Every structure is written in C-alpha cells, then in structure tokens.
Amino acid sequence: QWIFLGGSFVRKEDAVVSVFDHGFLYGDGVFEGIRVYEGNVFKLDEHLERLYQSAQSIMLDIPYGKEEMQQIIVDTVKKNELTSAYIRVVISRGPGNLGLDPSSCSTPQIIVIAESLALFPKELYQRGLRIGSVASRRNRPDVLSPQVKSLNYLNNILVKLEANQAGVDEALMLNDQGYVTEGSADNIFIVKNGKIMTPPVYLGALEGITRNAIIDLAKKEGYTVEETPFTRHDVYVADEVFLTGTAVEVIAVVEADGRKINDGKPGEITDHLLDSFRKVVASDGVQ
Ligand code: PLP
1241 QWIFLGGSFV RKEDAVVSVF DHGFLYGDGV FEGIRVYEGN VFKLDEHLER
1291 LYQSAQSIML DIPYGKEEMQ QIIVDTVKKN ELTSAYIRVV ISRGPGNLGL
1341 DPSSCSTPQI IVIAESLALF PKELYQRGLR IGSVASRRNR PDVLSPQVKS
1391 LNYLNNILVK LEANQAGVDE ALMLNDQGYV TEGSADNIFI VKNGKIMTPP
1441 VYLGALEGIT RNAIIDLAKK EGYTVEETPF TRHDVYVADE VFLTGTAVEV
1491 IAVVEADGRK INDGKPGEIT DHLLDSFRKV VASDGVQ
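Structure, rendered in structure tokens:
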C-alpha cells in the first residue's frame, strides 16, 4: 500500500508523522472521507470544496491548488490499483513547537490514504440499526461550525462511546435545544406519510455529501423532501428512519431509544433509496 505523504508516495510502513505535528498534539487540521466506486471517485469536487472551506475556516493554507489536490487523490487510487476504495485525506497544521499557537507550524502535512473498502456487513442493512440519544450535545455552530470537518472529533467520539455504553449501534445527537441533528458520523432522515425530512444544517449537522446526494435523488424520483427541524418524538413516530454517510451510504434505523420504528423493519423508501443510490454512484465520478 502506497500513502501520499510529504509530497511523494511512501510505503505504508514508512508513512509516519512527527510527534510534534499539531494534528497529533491538538487535533489541529481537517479531513475528508471519500469513496471510489468502480474506479470513479464519487463527488470529488464536493469533497474538495468542503476540504478547502474547512481549511479556510481554521486559517490553514493548503499548499496545493484544488486541481493539484484532485490529481494527488486520483493518483493515490491509481498507484494502489484500486477500483473500489475508501480515501482519507488529512491536512494537519504540521510540526511546530509544543505551544498550541499554530504560528510555530511552518508547513502543513498532506496525507492521502486509499484502502480497499471493508464493506459494512449485509446483515446490518437487512436488520437495520438501533440508535439511542446521548447526553453529549452537538457543539454550537457559533462556537465551532459543524461544517468544519476538523481532526478534532472528540465530541463525536464521546457520543460514539455513549452509544457503545448504551449498547446501541449509533448515537442520535441532539443540539443544545434538544432538536435532532445527526449521528456521530452520519446524517439522519425520517419519513412520515411519504414525506422525507432531514434537519437543516444550521441546527448543528455537517452538510453531508451523501445527504445532499440523497436529497437530489429523492427529489428526482418525485418524493417531497423537506429540511425541517424535528425532535426525538418525531423520530419515534416516523414511518421510516435512515442514516446517510460516505462510509455507510444509506442505512435503515429500526429502533430509537427503545422504541420500535413502525414495524421494526427497514422501510420501503429507505430500501428503494439505497438501491437507487448504488445505481448512480458507479456512473458518477472522476476517473
Ligand atoms: N456528520 C458527520 C459528523 C460526519 O463526520 C460525516 C462524515 O463525513 C457525515 C455526517 C456524513 O457526511 P458525508 O455524507 O459527507 O460523508
């Protein structure tokens, strides 16, 4: 396996970074997770856009232009001879001194990892997920925007730990007012009376690229899709609930806080959207 690190490709065994890297010391940096389907990098422009916006927001200058970065990502996939893969792009502040001031970091570290994908087990899609709300809240957008996909994922990790402790598959993360925002690393949708709903991102969700792709797809197929605030109650009484994300694609939720959703089986619209999504991903991407 070849990793893009420090301007060139190095073997996995040699892909090491400094202990003085502020990405390591402070979680100072940004990242993206991207999928490759049948040799096509899915929604690469959208991922690059989000990466550069995350970087801009935390005053991190990526030393490559978007086109160069795009080439590096595509080259990493080719170098590893992958047709179906998960790509992780990491831009850290780079090595500096022990103080947290980023001024001591002169060069950001650019890392691109492409791996053949360990797919989520089929059974999970057939059975659906059990989710549970947690005490930890989504950080307020005015403190740190959820749109910054930063290397500091401690909030999401704490949420995941709480979900693990509660014995559920994924967390239902609320904002400080109690509105549903998203999962630990995926967006949430509910379906009620044929209408598909997802929280507006201003409530405190990352504007997921899969989320947006599903909204477009569902609209194209004639469904009504609304970005609207909802609470846990709306999740409990929904006809269907599902999560979306780069890694998980579209996955049904069949239980929330111990309440069975509808008949406790993945919903029809959910299954249909997963099917349609899998059909479009293969034909849509950068080679
Ligand atoms: N929400 C959070 C907090 C995430 O980290 C992710 C993963 O990227 C998502 C949602 C899903 O976004 P996407 O569909 O762009 O992968």
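Letter by letter, the sequence shown follows residues 1241 to 1527 of the working numbering. The beta carbon of each residue, even a glycine, is placed where N, CA and C say it ideally should be. Predicted model only: the values in this text are computed from it and were never measured.
Listed in chain order, the alpha helix (DSSP H) runs fully inside the region 1456–1526 are 1472–1476, 1508–1521, counting runs of at least 4 residues. Every alpha helix (DSSP H) stretch that sits fully inside the region 1391–1441 and reaches 4 residues is listed by chain position as 1394–1406.
One alpha carbon belongs to Asp1301, the other to Val1383, and they sit about 21 Å apart.
For ligand 1, no non-hydrogen atom lies closer than 7 Å to the CB of Lys1500. Gly1504 and Val1494 have their C-alpha atoms roughly 5 Å apart.
Looking at the DSSP output, Ser1343 sits in no beta bridge, so it has no partner there. Remark: the shortest separation between the CB of Asn1392 and any heavy atom of ligand 1 does not fall under 7 Å.
Phe1249 is bridged by DSSP to Phe1244. Relative to ligand 1, even the nearest heavy atom lies 7 Å or more away from the CB of Asp1524. Closer than 7 Å to some heavy atom of ligand 1: that does not describe the Cβ of Asp1285.
In this model, Ala1403 and Gly1498 are separated by some 13 Å (Cα to Cα). Its chain contains Phe1360, Asp1426 as the residues whose beta carbon lies nearer than 7 Å to that of Val1488, once the 5 sequence neighbours on both sides are disregarded; these appear in chain order. Counting only residues of its own chain and dropping the five nearest sequence neighbours on each side, Glu1447 has a CB closer than 7 Å to the CB of Gln1387, Val1441. Per DSSP, Phe1282 is not a residue of any beta strand (DSSP E), being assigned neither H nor E. Cβ-Cβ distances below 6 Å link Thr1510 to Glu1480, Phe1482, Ala1492 in the same chain, with the five nearest sequence neighbours on each side left out; the list follows chain order.
In this structure, ligand 1 has a non-hydrogen atom nearer than 7 Å to the beta-carbon of Asp1426. Leu1398 sits away from Ala1496, with the two beta carbons spaced by 8 Å or more.
Taking C-alpha positions only, Phe1429 is separated from Val1329 by approximately 27 Å. Taking the Cα positions, Tyr1277 is about 23 Å away from Lys1252. A heavy atom of ligand 1 is found nearer than 7 Å to the CB of Gly1273. In the DSSP secondary-structure assignment, Glu1355 is bridged to Tyr1326.
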